[in-house]
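Take a look at the structure below.
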Ligand code: SF4
Ligand code: SF4
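Written as structure tokens, this is what we have:
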């Protein structure tokens, strides 16, 4: 039997700006949403679940992840209930529920917790610089190892368990019997969606946004590869040096455009910005920009006398890797791709069970 949580909407409001109680169930949002079909009423079902406080049903659902926030539903809602922002808030709430450490919820709900975490890490990096007598080569050496270590530790100890938790909540617990072979067969779907985010194209007028996201994901992943595995800051290879410059420029130019849109609020998606949205775009912008200048200072042979620049870059990198990637908006990239994968698995299970009966 469904359990109702009367405090749910109050809790959810801490994750975003919307008014689900304004909804009078007219169905306009469902009529315009391209994801709606005869079996699934997007986004109205999630609005109803939220109003009724059916938090277990929401936890078991993949729907919030399938929405790409085109904002059509919000702009056609006669009651300004803002269903698009509700879906966004549900995604943040779900991230907090998947996260076994509980830190995502803390950081999403309390700005002071996020700011304290950022300050704490900045102090730790400065202290480390001081401990190493601000010796550039040593700090850069550890900075490089930090990148490698952080990727593995964050993935193995935080992201992987959280993805398994997501699978348990959305697939295993509701009793979906997925044939083992489907997990392998559908892996290509996971990879395609992860790297192309092509589902965004399902919403109208999203081609430019999709292209920007695609270029940004590509630039980000390539820069990660170039700095971690090709050691961009120390490399002597002209190809690697130019590649790194191009990737870092892509990152700060595209994210600058994202920041501009959030300031101008010229699209439905950028009307409401949670602090986590600001952290994501600003930190990504700063990462691209600071990386670009670090390499430029290396090439101009002036980094030795401007070690502060590398320290600033390292602070941004550490905050990004230990706050935003494991607990913040970066996780959307992962959960959204896995949600599509799990949804495909569920369809495979339905097909298989249909054949048996
Ligand atoms: S359009 Fe607005 S009022 Fe109508 S069902 Fe959707 S959220 Fe509710
Ligand atoms: S934001 Fe777009 S995709 Fe998401 S529920 Fe609304 S209409 Fe559908």
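Residue numbers (my numbering): 1239 to 1595.
Think of the CB as a built atom: it goes at the ideal place given N, C-alpha and C, for glycine as much as any other residue.
Fair warning: this is a prediction, and the values are worked out from it, not measured in the lab.
query                                                                                                                                                             : result
Which residues mark the beginning and the end of the alpha helix (DSSP H) in which residue 1334 is found?                                                         : 1321-1336
To the nearest angstrom, how far is it from the Cα of residue 1302 to the Cα of residue 1576?                                                                     : 12 Å
Mind listing, in chain order, the continuous alpha helix (DSSP H) runs of no fewer than 4 residues lying wholly within the stretch 1372-1397?                     : 1374-1392
Taking the alpha carbon of residue 1465 as the point to measure from, which residue in 1385, 1579 and 1337 has its own alpha carbon closest?                      : 1385
In three-state DSSP terms, what is residue 1248?                                                                                                                  : helix
Relative to the C-alpha of residue 1451, which residue among 1492, 1484, 1553 and 1542 is closest?                                                                : 1492
For residue 1539, which of helix, strand or coil comes out of DSSP?                                                                                               : coil
DSSP three-state call for residue 1293: helix, strand or coil?                                                                                                    : helix
List the endpoints of the continuous alpha helix (DSSP H) containing residue 1354.                                                                                : 1349-1369
Measuring alpha carbon to alpha carbon, tell me which residue in 1331, 1299, 1454 and 1456 is nearest residue 1411.                                               : 1299
Buried or exposed: where does residue 1595 fall if 16 or more other Cβ atoms within 10 Å of its Cβ makes it buried?                                               : Only weak support exists for where residue 1595 lies, its pLDDT of 49 falling under 50; the value from the coordinates is given anyway. With fewer than 16 other Cβ atoms within 10 Å, it is exposed.
Consult DSSP for residue 1581 and reduce its assignment to one of helix, strand or coil.                                                                          : helix
Starting from residue 1275 and walking both ways along the alpha helix (DSSP H), at which residues does that stretch end?                                         : From DSSP, residue 1275 is part of no alpha helix (DSSP H); its letter is neither H nor E.
Sorted by chain position, which residues of the same chain lie with C-beta nearer than 7 Å to residue 1331's C-beta, five sequence neighbours on each side aside? : 1250 and 1253
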